[in-house]
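Read the structure below first, then the notes.
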DNA sequence: ATTTATCGGTGTATCGTTTTACAAACAGAT
DNA sequence: ATCTGTTTGTAAAACGATACACCGATAAAT
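Here's what the structure looks like:
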């Protein structure tokens, strides 16, 4: 199995004697005050941007002293005193899911821009892991939480941490039953509406929809978006397949996607009449379906059109490249950070909902449906 | 300017009126001491596991008091006092790269098991971002750093933070020129050796190798592994293609992979004689090549075999599913955490190297080469 | 001429722990 | 009885910043 290549000599060194040039001699606010011949209070005011309390003279003196000594305020001390840490806690089922990965990445970038750091927790939707993490937050002085795709069944769950400023991405404010909550969402119904419209315009009339179990806001809304969009066009909306298998596997890493794709494909194949196109809840499922159809000899998009949602970056990598509905991830990430850091800016005390519009990205997995014998009367394309 | 981002002082809001049901009334070590009728020192000894200084009587009293009050020691305070935070800093080019994503995920899991939290920094290989992050570490009391795939050109770079305990994943200890460093690596040469052997056993003799620019330990070693393995079999090792384009794009997210794949494919097509198989530096490149070949009408594996390295989870998702060489990510992650937390355990004062063996994962992108007119004398398969 | 406000600035208690120095209690050894 | 050592415990001084209370000037208002 494995081995430790140790570079030979195994001299067991004594545990690091005294301290040669040891401590980097942390420079404190006191040192700065001394160097600038001002009080520590003034230095404190300076590093907290309370410039209106400083004369220009002292201000520059402090500035140069800080620069010369390369002073950095000790965050632990500030935090102990103020009770707040410049840290955003980030709770996510798993960053291995590429959409979550991109979202976490963008949130981290936005947080850094705001002078914050990010504490990451992959919960795998395990309540114990999540609870432990959240419980620790107060102990380390973190007051800001962003949670991605929380279970919509956890009503009131987060109330236990009521002193947190919480933003939920992909969640319904009412589901979580919090006194105060800000949410950031895609307009999920519109997203699926765009997918339906795209397929409809191509001539498809029998359209299936494949989704993971409805444990998440987006999953619920996209399904309802599908039904609405189909009804609007007087099409049969009954071909919606909810995958009940592989729940946990899906949630964790979307890594079992081959099996999921296989299941989904067989479920779709069982539909009658057979659909000419499939809308997948997200790109991962779409990719799973795509791989499975292709290995079963069903040509995409000739025999079957497929469209996903997310525009995760891997979608470009499939062959044929996946047509999909894009979420504006960076914008959503910035909004989440902005919201969690400025809760006061919300219009009502119950919080706010920020909704983003999706965008159709046409690649190569959707085409006109095959001509085929059909008893149906084709409606003319609009 | 730098470390104190102020987030635009828009929230001039009055400092939160009184305190209605406000503070959750943090319970402190003093409260516990009072409740247990002991001194705070004893409580401190208790929560730091110094049981030899406690009588059994006091010990249980403290235990029940802690449990009843639900006491959690304030981390900011301990950190201020001790100078250490139970946090591991994690520096990674970008978690959007799926291999990095899985590695970060596994490291976070291992860190939590060890009672540590993880501070994430996506550097995008931007020295400014990375420096800022590392500079802040001391300010927040973080002493443990894991860095993934640092540039091998940054000799001595990390010396500026000599008080950190550093572990580098995918790095050469000598490259970094640190007085002390622990590394965790795959046996990269062996990995490519396995790939060559697999293709060789299938009958391939003209094998190309495609890699990103050689700015990383793994990239250097895999290329050298390719040359060695080819020479060992008396094969032509000159068909190694180093992609010099798209450096930054690659490094950040591997998202421009389609273009990279296109470039790589045309470079490979220009090779003469044309190879019958390609080894890719990693799965991302392999997937890019695969998609490009397929859309160009070149059948994989019939006309061209492809093999990658990593076994990133998406590799199962391609069609045909990608044959690859697996890195034991979880084991490597655990080793990195273990090493960074126990630096003393290293055999020498210069640090240690932990090397893991890869594993061949056979899927569907490699086959016997096509029969074709050839002036070469075929060596018989062994 | 007196009051009042604003500006620019300082001293110091305080946040919740850890840690050092020290003390009481009791054991056994002389 | 005294000496020594161990066990179990305590009191109090840090750690490095923040924020409150205060203070002397100068300016504005009455």
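Protein chains in written order, with the working numbering: chain A, 1 to 382; chain B, 1001 to 1382.
Each residue gets a CB set at the ideal place from its N, CA and C atoms; glycine is no exception.
Bear in mind the structure is a predicted one, so any value in this text is a computation, not a measurement.
With C-beta atoms as the reference, is residue i less than 9 angstroms away from residue j?
{"i": "residue 176 of chain A", "j": "residue 193 of chain A", "result": "no"}
{"i": "residue 1148 of chain B", "j": "residue 1185 of chain B", "result": "no"}
{"i": "residue 340 of chain A", "j": "residue 166 of chain A", "result": "yes"}
{"i": "residue 314 of chain A", "j": "residue 283 of chain A", "result": "yes"}
{"i": "residue 1323 of chain B", "j": "residue 1307 of chain B", "result": "yes"}
{"i": "residue 46 of chain A", "j": "residue 337 of chain A", "result": "no"}
{"i": "residue 973 of chain B", "j": "residue 1238 of chain B", "result": "No answer is possible for residue 973 of chain B: the residues shown for chain B start at 1001 and end at 1382."}
{"i": "residue 1140 of chain B", "j": "residue 1119 of chain B", "result": "yes"}
{"i": "residue 1215 of chain B", "j": "residue 1152 of chain B", "result": "yes"}
{"i": "residue 1235 of chain B", "j": "residue 1210 of chain B", "result": "no"}
{"i": "residue 51 of chain A", "j": "residue 59 of chain A", "result": "yes"}
{"i": "residue 204 of chain A", "j": "residue 93 of chain A", "result": "no"}
{"i": "residue 1110 of chain B", "j": "residue 1295 of chain B", "result": "no"}
{"i": "residue 285 of chain A", "j": "residue 212 of chain A", "result": "yes"}
Does any C-beta atom of chain B lie closer than 9 angstroms to the C-beta of residue i?
{"i": "residue 146 of chain A", "result": "no"}
{"i": "residue 105 of chain A", "result": "yes"}
{"i": "residue 26 of chain A", "result": "yes"}
{"i": "residue 72 of chain A", "result": "yes"}
{"i": "residue 331 of chain A", "result": "no"}
{"i": "residue 125 of chain A", "result": "no"}
{"i": "residue 101 of chain A", "result": "yes"}
{"i": "residue 68 of chain A", "result": "no"}
{"i": "residue 327 of chain A", "result": "no"}
{"i": "residue 383 of chain A", "result": "This structure gives no information on residue 383 of chain A, because the portion of chain A shown stretches from 1 to 382."}
{"i": "residue 366 of chain A", "result": "no"}
{"i": "residue 355 of chain A", "result": "no"}
{"i": "residue 120 of chain A", "result": "yes"}
{"i": "residue 95 of chain A", "result": "yes"}
{"i": "residue 262 of chain A", "result": "no"}
Can you name the start and end residues of the beta strand (DSSP E) that residue i belongs to?
{"i": "residue 1360 of chain B", "result": "1359–1361"}
{"i": "residue 1104 of chain B", "result": "Careful: residue 1104 of chain B lies outside any beta strand (DSSP E), inside the alpha helix (DSSP H) at 1098–1113."}
{"i": "residue 1310 of chain B", "result": "1305–1310"}
{"i": "residue 185 of chain A", "result": "182–186"}
{"i": "residue 159 of chain A", "result": "Here residue 159 of chain A belongs to no beta strand (DSSP E), and DSSP marks it neither H nor E."}
{"i": "residue 1091 of chain B", "result": "1087–1092"}
{"i": "residue 151 of chain A", "result": "No beta strand (DSSP E) holds residue 151 of chain A; DSSP gives it neither H nor E."}
For the alpha helix (DSSP H) that contains residue i, what are its first and last residues?
{"i": "residue 1032 of chain B", "result": "1029–1036"}
{"i": "residue 1043 of chain B", "result": "1040–1047"}
{"i": "residue 65 of chain A", "result": "56–69"}
{"i": "residue 1222 of chain B", "result": "1217–1232"}
With 9 angstroms set as the bound, which would you pick, yes or no: does the beta-carbon of residue i sit closer than that to a beta-carbon of chain A?
{"i": "residue 1098 of chain B", "result": "yes"}
{"i": "residue 1319 of chain B", "result": "yes"}
{"i": "residue 1314 of chain B", "result": "yes"}
{"i": "residue 1156 of chain B", "result": "no"}
{"i": "residue 1134 of chain B", "result": "no"}
{"i": "residue 1149 of chain B", "result": "no"}
{"i": "residue 1047 of chain B", "result": "no"}
{"i": "residue 1080 of chain B", "result": "yes"}
{"i": "residue 973 of chain B", "result": "It is not possible to answer for residue 973 of chain B, since the shown part of chain B is limited to 1001 through 1382."}
Excluding the 5 residues flanking residue i on each side, which residues of the same chain have their C-beta closer than 6 angstroms to its C-beta?
{"i": "residue 121 of chain A", "result": "91, 133"}
{"i": "residue 362 of chain A", "result": "323"}
{"i": "residue 355 of chain A", "result": "185, 187"}
In its own chain, which residues sit with a C-beta less than 7 angstroms from the C-beta of residue i, not counting the 5 before and 5 after it?
{"i": "residue 39 of chain A", "result": "33"}
{"i": "residue 1054 of chain B", "result": "1042, 1045, 1046"}
{"i": "residue 1098 of chain B", "result": "1312, 1313, 1314"}
{"i": "residue 1318 of chain B", "result": "1287, 1290"}
{"i": "residue 1271 of chain B", "result": "1208, 1239"}
{"i": "residue 1200 of chain B", "result": "1233"}
{"i": "residue 1168 of chain B", "result": "1147, 1150, 1176, 1181, 1183"}
Throw me the rounded Cβ distance for the residue i and residue j pair, which I believe falls under 8 angstroms.
{"i": "residue 182 of chain A", "j": "residue 328 of chain A", "result": "Residue 182 of chain A to residue 328 of chain A, Cβ: 17 angstroms. No contact."}
{"i": "residue 351 of chain A", "j": "residue 154 of chain A", "result": "That belief does not hold up - the Cβ atoms of residue 351 of chain A and residue 154 of chain A are roughly 17 angstroms apart, past 8 angstroms."}
{"i": "residue 1218 of chain B", "j": "residue 1188 of chain B", "result": "5 angstroms"}
{"i": "residue 279 of chain A", "j": "residue 367 of chain A", "result": "Wrong, their Cβ atoms sit about 15 angstroms apart, outside the cutoff."}
Keeping to the same chain, check which residues put their C-beta closer than 8 angstroms to that of residue i; ignore five residues upstream and five downstream.
{"i": "residue 1035 of chain B", "result": "1065, 1068, 1069"}
{"i": "residue 273 of chain A", "result": "206"}
{"i": "residue 87 of chain A", "result": "116, 117, 118, 119, 140, 141, 142, 144"}
{"i": "residue 85 of chain A", "result": "75, 79, 140, 141, 142, 143"}
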